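So the structure is just underneath, and the comments pick up after that.
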Amino acid sequence: MIRHILLPTDGSSLSLEAVKAGVDMAKSYSAAVTIYHALEPFPLFLRDESPVLNPNLVKQLEQETREAGERLAEEAKRLAEESGVSVKVEVDRPLSPDEGIVEAAKRCGCDLIFMASHGRSGVARLLLGSVAQKVLARSPVPVMVYRGSRESN
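Using the numbering used here, you'd call the opening residue of the sequence shown number -14 and step up by one each time.
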């Protein structure tokens, strides 16, 4: 039985479409959802006591990216609330998005991850891989990958 679904979002139109589809699924199972947004990891030269940049500038950049991520997650949260689904939001800065998604699913006690496929293709996909593929490989719970509606393809 599905009781709690993790809905990762990166703010793209496809991920918001996946959130809507995931919320519909949650509603049909009377399940709760957690909206999850992974902030992009900071490059090594920006972390900690970097001699390259002013520490105040790094803190400001970190705060601005966190606020932008929280706005994205809140937009997705509104979609869930409008459907009457119980919803929580998590935003963090993991070492990698796939790691963050898997860890969030564990932390929240989710029994399903419902996520959009990634937009990369060709060489970029070969070199960088797909977040969805990495989540599929690492997740201890089932993962459903949403490829989009016919209208969005």
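In this text, a Cβ means the ideal position worked out from N, Cα and C, and glycines have one as well. The structure presented is a predicted model; accordingly, all values stated were derived computationally and were not measured.
- S134 sits close to E2, with the two beta carbons spaced by under 8 Å.
- For R56, the closest of L97, S(-3), A89 and S15 by C-alpha to C-alpha distance is S(-3).
- Taking 8 Å as the cut-off, the beta carbon of V4 is found no closer than this to the beta carbon of T19.
- 8 Å or more divides the Cβ of L(-1) from the Cβ of A90.
- For E75, the uninterrupted beta strand (DSSP E) segment begins and ends at V72 to D77.
- Rounded to whole angstroms, the separation of the alpha carbons of E52 and L80 is 19 Å.
- Between the beta-carbon of V126 and that of P82 there is about 17 Å, and that puts the pair past the 8 Å contact cut.
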